[in-house]
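Peer 1: Residue numbers (my numbering), protein chains in the order written: chain A, 49 to 252; chain B, 49 to 252.
Quick reminder that beta carbons are idealized off the backbone N, C-alpha and C, glycines included.
Given the structure is predicted, the values throughout are model-derived calculations rather than measurements.
The structure that follows is given in the form of structure tokens.
There are 2 protein chains.
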Amino acid sequence: MPVETPTYHHGDLPAALRAATAELIAERGPTGFSLREVARRAGVSHAAPAHHFGDSRGLLTSVATEGFVQLNIAFAEAVDGLTDPVERLNACGKAYVSTAVNYPGHFGVMCADEIINNDEPEFVEASVGAYLHLLGIMADIRDALNPELDIEAAATMTWSAVHGLATLAPGLDSVAEKTETKTAPLHDLIDQFTVMMISGFAAR
Amino acid sequence: MPVETPTYHHGDLPAALRAATAELIAERGPTGFSLREVARRAGVSHAAPAHHFGDSRGLLTSVATEGFVQLNIAFAEAVDGLTDPVERLNACGKAYVSTAVNYPGHFGVMCADEIINNDEPEFVEASVGAYLHLLGIMADIRDALNPELDIEAAATMTWSAVHGLATLAPGLDSVAEKTETKTAPLHDLIDQFTVMMISGFAAR
DNA sequence: AGACCAGGTTGACAGTGTCAAGATGTCTCC
DNA sequence: GGAGACATCTTGACACTGTCAACCTGGTCT
Chain A
49 MPVETPTYHH
59 GDLPAALRAA
69 TAELIAERGP
79 TGFSLREVAR
89 RAGVSHAAPA
99 HHFGDSRGLL
109 TSVATEGFVQ
119 LNIAFAEAVD
129 GLTDPVERLN
139 ACGKAYVSTA
149 VNYPGHFGVM
159 CADEIINNDE
169 PEFVEASVGA
179 YLHLLGIMAD
189 IRDALNPELD
199 IEAAATMTWS
209 AVHGLATLAP
219 GLDSVAEKTE
229 TKTAPLHDLI
239 DQFTVMMISG
249 FAAR
Chain B
49 MPVETPTYHH
59 GDLPAALRAA
69 TAELIAERGP
79 TGFSLREVAR
89 RAGVSHAAPA
99 HHFGDSRGLL
109 TSVATEGFVQ
119 LNIAFAEAVD
129 GLTDPVERLN
139 ACGKAYVSTA
149 VNYPGHFGVM
159 CADEIINNDE
169 PEFVEASVGA
179 YLHLLGIMAD
189 IRDALNPELD
199 IEAAATMTWS
209 AVHGLATLAP
219 GLDSVAEKTE
229 TKTAPLHDLI
239 DQFTVMMISG
249 FAAR
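So, in structure tokens, the structure goes:
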């Protein structure tokens, strides 16, 4: 996330545009996004965003980058003080889902490769950083539990599982209603998830 | 998926429109979808789709429904002849990812609650059917391995894991490139996934 | 034969992203 | 302090979009 220097006309228009974008996507989903609506909410003319972000992909990429930066912060806070790699993995899983739930607008574009410039340097740095963080935890787990663990595969599986959970989370209740079944709280699901993954990772 | 009776003007316009929609979404993603472009590809005027699907949500819902119907077929074919519940779960996981990869246009809208009418009866029937299929396998696994297994939680986790994998699959290679790591083939990942999940389900 | 209607077309409307051109405030340099 | 120079934002235009109303048109039924 680039730090924009406050400008004279508007306090910090780029930040305001990102906030409005996240808000709008949280309300209507990525397809409901509209550059003009964002400009309207930020109180500027329809062409103002172009001056900071080029086109709408640029703005969405900036929001996605901000989301990954936020995710990295959440990861760092989650593992703070934890030494046991298993606990660290669990904490990061919860942090991932929490971030997705708390920043739905950001999360909606973070993995939407179709609508962002996923080779923009700042975006690459933030997203790869998050992945490397997970990979580091996996390396610790390998060292502690199972020297033969394929850490890349384990990281991919963990990311997939948590990402899927975060993606489907908003619809889980509606499915439970239709099928007349129950849904466990997200928090508990992640705990069970971690237990399963870990027992799998340890099992060689 | 409703079976449309061939009409006199066009052979089977609804099916042609669904096919064009899936093709378009596969190319440009859900946000790149355009009703007029779909009509253009089907060789009809821009207002023709409305006659069959009401608005664009109706068309997208129909495509999503078709995707779930296809998924149910894939599930049925995958488990055909298999008696061991663990093998059935593994086969369904692969069928899920295969369907997502083979029908990217359909997959892109199947879980996109923001842009479809997810309470349309035909859609509910098809999507709930797929979930119930998974739930049935989980019940078999519970009976065979662990009577205390929470099958709803297990089903949610499995669906999340496989869905996440299917969602992230297109981007895995690009991530591997950026981080200079390796990515195992999808097929192998699912195998490892199943082993892990099963050992988790059986535990305790 | 005549009415009816599903299926499709045409034309209009407001809304969209993007581009070019103009306005306006702030900075630097002499 | 005045004058460019520049970043920032506005205005206006263009082609495109989804949706609606009005209009044809080929097939069906009584």
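Could you spell out where the alpha helix (DSSP H) holding B:D188 opens and where it closes?
Peer 2: That run of the alpha helix (DSSP H) goes P169 to L193.
Peer 1: Near A:V111, which residues of its chain fall below 8 Å by C-beta distance, leaving aside the five closest residues on each side in sequence?
Peer 2: Here the set comprises R66, T69, A70, I73, G153, H154 and V157.
Peer 1: Of the residues that make up the segment 150-166 of chain B, which ones have a beta carbon closer than 8 Å to any beta carbon in chain A?
Peer 2: Taking 8 Å as the Cβ-Cβ cut-off against chain A, the residues of the segment 150-166 of chain B that qualify are C159, A160, D161, E162, I163 and N166.
Peer 1: Skipping 5 residues on each side, what residues in its chain have a beta carbon closer than 6 Å to that of B:A178?
Peer 2: Result list for B:A178: F116, L119 and N120, in chain order.
Peer 1: To the nearest angstrom, how far is it from the Cα of A:M49 to the Cα of A:P233?
Peer 2: In this prediction, A:M49 has a pLDDT of 38, which is less than 50 and means its spatial position is unreliable; nothing more can be read from the coordinates.
Peer 1: From which residue to which residue does the alpha helix (DSSP H) around A:T242 run?
Peer 2: From DSSP, the alpha helix (DSSP H) with A:T242 extends over L234 to A250.
Peer 1: Is the beta carbon of B:P218 less than 8 Å from the beta carbon of A:D161?
Peer 2: Yes, they are a contact pair.
Peer 1: For B:I163, which residues from the same chain have a beta carbon less than 6 Å from its beta carbon, with the 5 sequence-adjacent residues on both sides left out?
Peer 2: Closer than 6 Å at Cβ, skipping near neighbours: L108.
Peer 1: So is B:P133 in contact with chain A if we call contact Cβ pairs under 8 Å?
Peer 2: So no, B:P133 is outside the interface.
Peer 1: Given a cut-off of 8 Å on the beta-carbon distance, is the pair B:V134 and B:I189 in contact?
Peer 2: It is a contact, given that the beta carbons lie within the stated cut-off.
Peer 1: Using the beta-carbon of each residue, which ones in chain B are nearer than 7 Å to A:S11?
Peer 2: Nothing in the structure corresponds to residue 11 of chain A, since chain A is present only between 49 and 252.
Peer 1: Output, in sequence order along the chain, the residues in the segment 219-239 of chain A whose CB is closer than 9 Å to any CB in chain B.
Peer 2: Those would be G219, L220, S222, V223, A224, K226, T227, T229, K230, T231, A232, D236 and L237, in chain order.
Peer 1: Is it buried or exposed, B:T230, if we count other Cβ atoms within 10 angstroms and call 16 or more buried?
Peer 2: Residue identity differs from the one stated: residue 230 of chain B is Lys in this sequence, not Thr. Under this definition B:K230 is an exposed residue.
Peer 1: Can you find a C-beta in chain B that's less than 8 Å from the C-beta of A:A251?
Peer 2: Yes, its Cβ sits closer than 8 Å to a Cβ of chain B.
Peer 1: Taking Cβ-Cβ distances below 8 Å as the criterion, which residues of the segment 60-78 of chain A are in contact with chain B?
Peer 2: The segment 60-78 of chain A vs chain B, Cβ under 8 Å: R76, G77 and P78.
Peer 1: Report the rounded CA-to-CA distance for B:G129 versus B:D239, giving the unit in angstroms.
Peer 2: Approximately 19 Å between the Cα atoms of the pair.
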